[in-house]
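Only one structure is covered here, and it is reproduced in the block below.
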Amino acid sequence: MTYFTNTAVNIEGNRKLRTPQIEAYIKIREFFSDPEHREALVILPTGTGKSGLISIAPYGVSQKRVLIITPGLVTKDSIRKTQEVLEDNFWINYDIVFSSKDIPVVSEYTPDISSEHLEQSHIIFSNIQRISGNRKSALINRVPEDFFDFIIVDEAHHAPAQSWRDALKYFSKAKVLHVTGTPYRGDAQEIPGEIIHETPLSEVMRAKYVKWLRKETVNAHELYFTTPDIPNKKLTKEDILEFKDKEWIEKSIALSPECSNDVIEHSILKLNILKEASPKVPHKILAVGCSITHAEDLAKWYEAKGLRVVIIHSEMDDEVKADAFLNIENHNADVVISVNMLMEGYDHKYLSILAIFRPYRSLNAFAQVVGRILRAIPENEITAFEIDNNGIVIFHEEIGLNPMWEKFQSEVDRAKRTINREYTFTDDYYRERENFLAGVASDGAYVSDQDSYLEDVDFNSLFEEKRAEINKKVDEQLEIFRKASLDAGLTLPDDTLKLFKRDLIEQESRKAAGEIDQDLVEKRPHLARKKMREILTAKIKEEASNLLIINGLDEKGQELQPIFSPHLRNLQTTDANDAIIVKFILGKLYRQFGPVKDRDNQTLQNSINSIPEILAEVSRMLK
1 MTYFTNTAVN
11 IEGNRKLRTP
21 QIEAYIKIRE
31 FFSDPEHREA
41 LVILPTGTGK
51 SGLISIAPYG
61 VSQKRVLIIT
71 PGLVTKDSIR
81 KTQEVLEDNF
91 WINYDIVFSS
101 KDIPVVSEYT
111 PDISSEHLEQ
121 SHIIFSNIQR
131 ISGNRKSALI
141 NRVPEDFFDF
151 IIVDEAHHAP
161 AQSWRDALKY
171 FSKAKVLHVT
181 GTPYRGDAQE
191 IPGEIIHETP
201 LSEVMRAKYV
211 KWLRKETVNA
221 HELYFTTPDI
231 PNKKLTKEDI
241 LEFKDKEWIE
251 KSIALSPECS
261 NDVIEHSILK
271 LNILKEASPK
281 VPHKILAVGC
291 SITHAEDLAK
301 WYEAKGLRVV
311 IIHSEMDDEV
321 KADAFLNIEN
331 HNADVVISVN
341 MLMEGYDHKY
351 LSILAIFRPY
361 RSLNAFAQVV
371 GRILRAIPEN
381 EITAFEIDNN
391 GIVIFHEEIG
401 LNPMWEKFQS
411 EVDRAKRTIN
421 REYTFTDDYY
431 RERENFLAGV
441 ASDGAYVSDQ
451 DSYLEDVDFN
461 SLFEEKRAEI
471 NKKVDEQLEI
481 FRKASLDAGL
491 TLPDDTLKLF
501 KRDLIEQESR
511 KAAGEIDQDL
521 VEKRPHLARK
531 KMREILTAKI
541 KEEASNLLII
551 NGLDEKGQEL
561 QPIFSPHLRN
571 LQTTDANDAI
581 IVKFILGKLY
591 RQFGPVKDRD
601 NQTLQNSINS
611 IPEILAEVSR
621 MLK
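What the sequence shown shows, in UniProt numbering, is residues 1 to 623, in sequence order.
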């Protein structure tokens, strides 16, 4: 079976694919072209096209069948959605193959699938539970060891390590690709495989592939605690710290109805602002609770304020869960409350506000839940990117999540993949919290802090500026209309003016649909070359910017000229820092690979691969 090596595909020059997908694909194909290379890891942020990458990765790599292993049902459904449905088929919609006859044969592994169907399939996908184990129906007990040439493990760190290790041990001759959006394991084990490509979240955020991300914390001017140890006495935080630890305080505040309501009210305020600025987009709040009982209380509190709520948790029956997801998809909810359920694989793009009502210790869990609001809403649906694709994370200042936000924000020390054991909250713990946690009274809630994921771009300001710009234009048009009506002797009711204003907002600000599709007639290597040149240019600029930020230097500052003037001709004292570093990198690449216009595709790829080494040299020069 040579389908993946013989089928003509359009990948490198494909305008519908995103740059991180193409760059990762090129790295995958290059890595596995060496027979000695057996296991690789690609890190692609949530919302950047991970399922699409999995769909193109086998081409030019796999000599026969491909197995895709997913950790759970939701992730498996995401893969199925990408690959199975003909009318929404990724390979056709994204012009990967040239004819519907070239679509690979895809099968989900189920215990009742026939051996004939397994033999005829190009791709087989399944969650890990059906692949390994002692059951006769497990996939490893139905096919020979050399049945697959290429195995893709999607989000391996969300499945028990031993389960997929057993599968890889059985199919030991196969090449293995691990793909993840959040490179932190939940069980203190490292994710396996050599990292061959990582797209930083900051990069895809700048490119607008995902939502922008900002954070607001809520606090109170006064917090008072009452404890079972000292009943009937109000204690301050400082009083409590004399005999209780910080973790105890964080849990008490997280589970406090008063503090929760402060966060609830602020999240509703932000949702109302969002809906007013962009009334046609069905934005929603994702609220994360500690336990099922806690989630039910959160639902009660949100509903008391007039919002429609759907709860999702892992203990639900499949039928009830399916109904809940359907209500979310049909926009019959303003708030989705989750308890350890909406993790990898769920991609409802209208989750725009994340309200967190629990502390976290593990970066893995925190990154997963933040990832649920990162998926961007398509350009043809939105009022303005700055408004509709500007996600916001809200939590109480005193539940200890600011250090977690800072770790997530910094993208530092990922390679170490250090994991802390996550907090566990049971329903019994929540119900009986008054016996061992403090009651908390909150007085005078206020926004205590605002932050933007990118240090050099303030997404909060961009949101407010865009909203003000839209409102100003609409108000001007509304005033002209109102004046014309009065001149004509008409007095319009407020309701009519309100509806007219809403239509004006949409008319004024809704952006045009995306780019025009290009007809696909033949494979065009020159497009691949053009795309790789674009990747090279963008990569140099992005990495230069990141390096300056990491070293605390202003991109448009002018202090680097003395350091680099011995190495670069004609540097001016007015040259900006980022321009100097870009010139230095380009010069190093020119000396090594010659002019960009003369580089073939392989040399362009080698140029891209050399950037990290040059950056390390620049970093040493900045010390």
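Don't be surprised by glycine CBs; every beta carbon is placed ideally from N, CA and C.
The beta-bridge partner set that DSSP reports for Lys270 is empty. Counting other Cβ atoms within 10 Å of its Cβ, Ser267 reaches 16 or more and is therefore classed as buried. Setting aside the 5 residues that flank it on each side, Leu274 is surrounded in the same chain by His283, each with a C-beta closer than 6 Å to its C-beta; the list follows chain order. Judged by DSSP in its simplified three-state form, Asp323 adopts helix. For Gln368, the number of other beta carbons within 10 angstroms of its own is at least 16, and it is reported as buried. The beta-bridge partner set that DSSP reports for Arg375 consists of Val210. Distance between His197 and Asn609, taken at the CA atoms: about 10 Å.
If you draw a straight line from the Cα of Lys64 to the Cα of His117, it comes to about 15 Å.
Inter-segment contact for the stretch 310 to 322 and the stretch 380 to 388 is absent: fewer than three beta-carbon pairs are separated by less than 8 Å.
Taking C-beta atoms as the reference points, Ile152 and Val66 count as a pair closer than 8 Å.
Of the residues Thr180, Gly181, Glu155 and Asn141, the one whose Cα lies closest to the Cα of Asp166 is Asn141. Note that the stretch 51 to 64 touches the stretch 13 to 21; at least 3 beta-carbon pairs, one per stretch, sit closer than 8 Å. With a contact defined as Cβ atoms closer than 8 Å, Glu397 and Thr217 qualify at about 4 Å. Under DSSP, Ala287 forms a beta bridge with Ile337 and Ala355. In the structure shown, the three-state DSSP call for Gly193 is coil. Gly52 and Gln21 have their C-alpha atoms spaced approximately 8 Å apart.
If the five residues before and after Asn577 are omitted, its C-beta is found closer than 8 Å to the C-beta atoms of Leu548, Leu553, Asp554, Glu555, Lys556, Gly557, Gln558, Glu559 and Leu560, all from its own chain and listed in chain order. Of the candidates Asp239, Leu41, Arg18 and Asn134, Leu41 places its Cα closest to the Cα of Lys27. In this structure the stretch 127 to 141 does not touch the stretch 42 to 49; the number of beta carbon pairs closer than 8 Å is below three.
A buried status is given to Val179, since no fewer than 16 other beta-carbon atoms sit within 10 Å of its beta-carbon. Thr199 sits buried, since 16 or more C-beta atoms from the chains shown fall within 10 Å of its C-beta. The bridge partners DSSP lists for Val61 come to none. DSSP links Asp154 through a beta bridge to Val179. As for any alpha helix (DSSP H) of minimum length 4 sitting wholly inside the stretch 215 to 241, the runs are 237 to 240, ordered along the chain.
When the five nearest sequence neighbours on each side are left out, the beta carbons in the same chain lying within less than 7 Å of the beta carbon of Pro359 are those of Glu250, Lys251, Ala254, Ile399, Gly400, Leu401 and Tyr423, in order along the chain. For Gly47, no alpha helix (DSSP H) encloses it, and the DSSP letter there is neither H nor E. Contact annotation, Arg372 with Tyr209: C-beta distance approximately 16 Å; criterion of less than 8 Å not satisfied. Proximity to Asp149 across Asn390, Cys290 and Pro35 peaks at Pro35, based on C-alpha coordinates.
Judged by pairs of C-beta atoms under 8 Å, the stretch 320 to 333 does not touch the stretch 389 to 396, as fewer than three such pairs exist. Contact annotation: Asp262 and Ala304 have beta-carbon atoms that are not nearer than 8 Å.
Counting C-beta atoms within 10 angstroms of its own C-beta, Pro595 has fewer than 16 neighbours from the protein chains shown and is therefore classed as exposed. Per DSSP, the beta-bridge partners of Asn127 are Thr70.
C-alpha of Val336 to C-alpha of Tyr302: approximately 10 Å in a straight line. Taking C-alpha positions only, Glu238 is separated from Met205 by approximately 40 Å.
Under a 10 Å Cβ-count criterion, Phe243 is classified as exposed, with fewer than 16 other Cβ atoms of the shown protein chains found around its own Cβ.
Boundaries of the beta strand (DSSP E) harbouring Gly391: Asn390 to His396, taken from the DSSP string.
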